[in-house]
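Protein chains: 6
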Amino acid sequence: MEKIAIFPGTFDPFTIGHESVVNRAMGLFDKIYIAVGFNSKKDALFSLAERKKFISQVFDDNPKIEVMHYEGLTIDFCKEVNASYILRGLRTAADFEYERAIAQVNKAMYDEIETVFFLTMPEHTPINSSIVRDVIRHGGDVSKFIPAKMRIKNIK
Amino acid sequence: MEKIAIFPGTFDPFTIGHESVVNRAMGLFDKIYIAVGFNSKKDALFSLAERKKFISQVFDDNPKIEVMHYEGLTIDFCKEVNASYILRGLRTAADFEYERAIAQVNKAMYDEIETVFFLTMPEHTPINSSIVRDVIRHGGDVSKFIPAKMRIKNIK
Amino acid sequence: MEKIAIFPGTFDPFTIGHESVVNRAMGLFDKIYIAVGFNSKKDALFSLAERKKFISQVFDDNPKIEVMHYEGLTIDFCKEVNASYILRGLRTAADFEYERAIAQVNKAMYDEIETVFFLTMPEHTPINSSIVRDVIRHGGDVSKFIPAKMRIKNIK
Amino acid sequence: MEKIAIFPGTFDPFTIGHESVVNRAMGLFDKIYIAVGFNSKKDALFSLAERKKFISQVFDDNPKIEVMHYEGLTIDFCKEVNASYILRGLRTAADFEYERAIAQVNKAMYDEIETVFFLTMPEHTPINSSIVRDVIRHGGDVSKFIPAKMRIKNIK
Amino acid sequence: MEKIAIFPGTFDPFTIGHESVVNRAMGLFDKIYIAVGFNSKKDALFSLAERKKFISQVFDDNPKIEVMHYEGLTIDFCKEVNASYILRGLRTAADFEYERAIAQVNKAMYDEIETVFFLTMPEHTPINSSIVRDVIRHGGDVSKFIPAKMRIKNIK
Amino acid sequence: MEKIAIFPGTFDPFTIGHESVVNRAMGLFDKIYIAVGFNSKKDALFSLAERKKFISQVFDDNPKIEVMHYEGLTIDFCKEVNASYILRGLRTAADFEYERAIAQVNKAMYDEIETVFFLTMPEHTPINSSIVRDVIRHGGDVSKFIPAKMRIKNIK
Numbered sequence: 000m001e002k003i004a005i006f007p008g009t010f011d012p013f014t015i016g017h018e019s020v021v022n023r024a025m026g027l028f029d030k031i032y033i034a035v036g037f038n039s040k041k042d043a044l045f046s047l048a049e050r051k052k053f054i055s056q057v058f059d060d061n062p063k064i065e066v067m068h069y070e071g072l073t074i075d076f077c078k079e080v081n082a083s084y085i086l087r088g089l090r091t092a093a094d095f096e097y098e099r100a101i102a103q104v105n106k107a108m109y110d111e112i113e114t115v116f117f118l119t120m121p122e123h124t125p126i127n128s129s130i131v132r133d134v135i136r137h138g139g140d141v142s143k144f145i146p147a148k149m150r151i152k153n154i155k
Numbered sequence: 000m001e002k003i004a005i006f007p008g009t010f011d012p013f014t015i016g017h018e019s020v021v022n023r024a025m026g027l028f029d030k031i032y033i034a035v036g037f038n039s040k041k042d043a044l045f046s047l048a049e050r051k052k053f054i055s056q057v058f059d060d061n062p063k064i065e066v067m068h069y070e071g072l073t074i075d076f077c078k079e080v081n082a083s084y085i086l087r088g089l090r091t092a093a094d095f096e097y098e099r100a101i102a103q104v105n106k107a108m109y110d111e112i113e114t115v116f117f118l119t120m121p122e123h124t125p126i127n128s129s130i131v132r133d134v135i136r137h138g139g140d141v142s143k144f145i146p147a148k149m150r151i152k153n154i155k
Numbered sequence: 000m001e002k003i004a005i006f007p008g009t010f011d012p013f014t015i016g017h018e019s020v021v022n023r024a025m026g027l028f029d030k031i032y033i034a035v036g037f038n039s040k041k042d043a044l045f046s047l048a049e050r051k052k053f054i055s056q057v058f059d060d061n062p063k064i065e066v067m068h069y070e071g072l073t074i075d076f077c078k079e080v081n082a083s084y085i086l087r088g089l090r091t092a093a094d095f096e097y098e099r100a101i102a103q104v105n106k107a108m109y110d111e112i113e114t115v116f117f118l119t120m121p122e123h124t125p126i127n128s129s130i131v132r133d134v135i136r137h138g139g140d141v142s143k144f145i146p147a148k149m150r151i152k153n154i155k
Numbered sequence: 000m001e002k003i004a005i006f007p008g009t010f011d012p013f014t015i016g017h018e019s020v021v022n023r024a025m026g027l028f029d030k031i032y033i034a035v036g037f038n039s040k041k042d043a044l045f046s047l048a049e050r051k052k053f054i055s056q057v058f059d060d061n062p063k064i065e066v067m068h069y070e071g072l073t074i075d076f077c078k079e080v081n082a083s084y085i086l087r088g089l090r091t092a093a094d095f096e097y098e099r100a101i102a103q104v105n106k107a108m109y110d111e112i113e114t115v116f117f118l119t120m121p122e123h124t125p126i127n128s129s130i131v132r133d134v135i136r137h138g139g140d141v142s143k144f145i146p147a148k149m150r151i152k153n154i155k
Numbered sequence: 000m001e002k003i004a005i006f007p008g009t010f011d012p013f014t015i016g017h018e019s020v021v022n023r024a025m026g027l028f029d030k031i032y033i034a035v036g037f038n039s040k041k042d043a044l045f046s047l048a049e050r051k052k053f054i055s056q057v058f059d060d061n062p063k064i065e066v067m068h069y070e071g072l073t074i075d076f077c078k079e080v081n082a083s084y085i086l087r088g089l090r091t092a093a094d095f096e097y098e099r100a101i102a103q104v105n106k107a108m109y110d111e112i113e114t115v116f117f118l119t120m121p122e123h124t125p126i127n128s129s130i131v132r133d134v135i136r137h138g139g140d141v142s143k144f145i146p147a148k149m150r151i152k153n154i155k
Numbered sequence: 000m001e002k003i004a005i006f007p008g009t010f011d012p013f014t015i016g017h018e019s020v021v022n023r024a025m026g027l028f029d030k031i032y033i034a035v036g037f038n039s040k041k042d043a044l045f046s047l048a049e050r051k052k053f054i055s056q057v058f059d060d061n062p063k064i065e066v067m068h069y070e071g072l073t074i075d076f077c078k079e080v081n082a083s084y085i086l087r088g089l090r091t092a093a094d095f096e097y098e099r100a101i102a103q104v105n106k107a108m109y110d111e112i113e114t115v116f117f118l119t120m121p122e123h124t125p126i127n128s129s130i131v132r133d134v135i136r137h138g139g140d141v142s143k144f145i146p147a148k149m150r151i152k153n154i155k
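Laid out in structure tokens, this is it:
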């Protein structure tokens, strides 16, 4: 049986921490769908199209990785693409409690799903999309925090 | 002296975790006012009337339980209904830090009040109103997460 | 029905934080057994007799409080004294996770028991028996950290 | 070389906990700029002018302390005023994880900066600006939570 | 390439939480070595032979699972059995911080290893080997906390 | 007035994380006493003499740093060397809660002392002396985890 995972997130924007999780998890799965969660009510810094383009720039030569988006329940998207695993990165203890609640509720609603966690690397621990957005908004340089292949135009 | 507690919360919506806390705390108090906090500025998924109705469906045959609402300081409502105890459920360490701050500030403002904490049951740990709301918004089935007697119409 | 609680602990030694929890919980119960846990394998700074004497000095004129000791499972002691509640103080998030595990396992083994938590006062948050023991061992003054009525002889 | 720190925050409003951190850190620095972060998109309870006036009332006779405001990256403000240290207070474990992320990202962007943490006093642990704002909004008395010299008019 | 994981632990004793993690992770790996860590200096409640026997009782008909033991560095054992993954269960935020340190140090010493985390089920959250040992020592019934197939003799 | 700090710890052994904290804090103080806590009852991997020698190797050409040891209360040692500051590194949320308790008790016993915290660098977060000891005991290579100038003989 094929081992299919989704890697869901808002990815506003995708960071070097996300990239590292995908790269290290790749050996474990036959296919990873990077699934950009779309929420029409929440203001994002980057549009859905931009967020998907950024991620494609990072993994475009990798046949195992496909960038998609979804709206609705994560488990419904899992059923749609036939995924049995949800891949998530863990940075901090605060992260953990939130991730645990989401994962256990997903499991309660759909027993065939398992959430598999990878740690971020120590040097990526402080980096999250919300802090990166803040730096971008104030005109700071985020090149250290995003994948080398990702091209955020007009951002110094 | 009568032992009166309030169980304050937004309850948007009331969950199976809330129900369990009230049921297990009931032996300790002569009266528990379930006090729906009302905040005119915050958008709720369910109206105040709906939230009160849901809770009433769960406890309607229990003379010890009364469903009320309040706007303003929790300690002012305590004084109004002559309550000496605030009842709260604890799920996680993150919960705990927030609850501790609120309880200690309440105590600093009104020395006669004590906050009494019950744990949620292990199987209810991942369930909170915010996750339940999210599932409802995306059309998911929340019947496992809300009290059996509670009837959320048009929700599958 | 009488509301009986036990307040179990090693109490090596009893601190001002423990005293405050008992005093604030007293209104909620008809009887509180302060139950000194005895572990023949662990080295304690104070003997069981000393620990019980210290606590008696604090509450000797209070008919609601009785100082006892036990060895074995806490829930077995609860059954023995007919207690339906275990009283515990909570100081920190780290405390909370430990207390939650113990309380939920007790509940799994004996469904009629409930653990009821009170917060320590903010100014007592850093005080725990292990730190107090350390200060005593190094000849420091612990009078700020123990109940006023408690007389630790030869301790400056 | 002069030891210059900034103490950045929203200070909506400044609390007794903030005051205590500044007072205890004062011996370590030659100059502390209390830097009110200004965010034109976020609703604050008090205007920038009010927030600066409150803090000035507390420290007006202290030549080491200067009240300023800034918009933009904190490290850019540090460069502007020639500060090598960012001063922050720590209250809780949840606080800590957030503060760590911010401080480590600041360090990644500007290697010459160090964030120096002081603890709040135990009795100030539950007090934060968000809770104080909430009490003010509901007409409660916050005099215990703000510096004695601070005059919030029309607040009982 | 074969996907080989080790599931290291002291397993003194193996619990229902461990069993659940192995069962849910099984689909992801071709082989899981349950690796009982042996520490000649630490007192264990059960001997190494007993601990291995218990685990064998649970998985004896499963060709994917093999029970082994090791002394020394976990990464050295990984190299020995050609494992690229370390499997661990996560229960709580406190667990998480400890697990993260171990996993990141393992990664720093041996870059080809990845630690993969599964959550325990909510109802297993309070169960850990240390609490189970404590209950056994006091003559309590642990049948709810250990796998159904595991036969701890003379334990009621 | 001279700004004198002590940096207390067991340092069994001193790590690259400790070194980084001292180096980054050095600009803030006129003198830092690295104070090796000595506990005759606890087994250490390295003797007091070895631990002091290791630290001296790291800072031997730095006139601001002096390596000492003490037995007894940390605040008594502070008084002895006329230090007004205790310097500590913070790695994780679990660390934080422990450090907070110690620091607040020290402050309660000796009001003139302040504990000043620096963060460890993200890449040093997983490294603590206990894990380093464990690696050494199992014959692993710890050169990445200790200062470059430190020479642990017979350790590969």
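Residue numbers (numbering that gives the first Met the number 0), protein chains in the order written: chain A, 0 to 155; chain B, 0 to 155; chain C, 0 to 155; chain D, 0 to 155; chain E, 0 to 155; chain F, 0 to 155.
For glycine and all other residues, C-beta sits at the position ideal for the given N, C-alpha and C.
Computed from a prediction, not measured in an experiment: that's the story for all the values here.
Spatial distance of residue i from residue j (CA atoms)
i: L47/E; j: N38/C; result: 26 Å
i: E49/A; j: K30/A; result: 23 Å
i: L89/E; j: R23/E; result: 13 Å
i: F58/E; j: I3/A; result: 26 Å
i: L44/B; j: I130/B; result: 12 Å
i: K155/D; j: D140/D; result: For K155/D, the predicted structure reports a pLDDT of 43, less than 50, and the residue's modelled location is therefore unreliable. The matter cannot be settled from this model.
i: K0/B; j: T91/F; result: Here the sequence assigns Met to residue 0/B, which means Lys is not the residue at that position. Roughly 46 Å between the two C-alpha positions.
i: K40/A; j: D133/F; result: 51 Å
i: M108/C; j: M149/E; result: 19 Å
i: A102/F; j: S55/E; result: 48 Å
CB contact below 7 Å: residue i versus chain E
i: T119/B; result: no
i: K155/F; result: Summary for K155/F: the model assigns pLDDT 43, below 50, so the residue's position carries little reliability; its value from the coordinates is reported in the next sentence. No, because no Cβ of chain E sits closer than 7 Å to the Cβ of K155/F.
i: G138/B; result: no
7 Å Cβ cutoff, residue i in contact with chain C
i: K191/E; result: There is simply no residue 191/E to check, as chain E begins at 0 and stops at 155 in what is shown.
i: K8/E; result: The sequence given here places Gly at residue 8/E; Lys does not occur at that position. With 7 Å as the cut-off, G8/E does not count as an interface residue toward chain C.
Closer than 7 Å to chain F by CB, residue i
i: I5/C; result: no
i: L72/E; result: yes
Nearest candidate by alpha-carbon position, reference residue i, set the options
i: Y84/D; options: D59/F, S83/F, L89/F and V115/F; result: V115/F
i: G36/E; options: T9/E, I151/E and N81/E; result: T9/E
i: I33/D; options: K51/D, A100/D and F117/D; result: K51/D
i: A82/F; options: Q56/D, L27/D and K78/D; result: L27/D
Residue-chain proximity (residue i, chain A), Cβ-Cβ < 7 Å
i: H17/B; result: no
i: A93/B; result: yes
i: E122/F; result: yes
i: F162/E; result: The question about residue 162/E has no answer, for chain E in this structure spans 0 to 155.
First through last residue of the beta strand (DSSP E) which encompasses residue i
i: E122/D; result: Segment: none, E122/D is in no beta strand (DSSP E) and carries neither H nor E.
i: G36/C; result: K30 to G36
Contact with chain D by residue i, beta-carbon distance below 7 Å
i: R87/F; result: no
i: P125/C; result: yes
i: K63/A; result: no
Span of the alpha helix (DSSP H) around residue i
i: V131/C; result: S128 to R136
i: G71/C; result: No alpha helix (DSSP H) holds G71/C; DSSP gives it neither H nor E.
Interface residues of chain H facing residue i [CB-CB closer than 9 Å]
i: I130/F; result: No chain H is present in this structure, whose protein chains are A, B, C, D, E and F.
Report yes or no: do three or more beta-carbon pairs, one from the segment 124-134 of chain E and one from the segment 8-18 of chain E, lie closer than 8 Å?
yes
Three or more C-beta pairs under 8 Å: does that hold for the segment 61-79 of chain E against the segment 63-75 of chain B?
no
Check whether the segment 103-113 of chain C touches the segment 106-121 of chain E, taking contact to mean three or more Cβ pairs, one atom from each stretch, closer than 8 Å.
no
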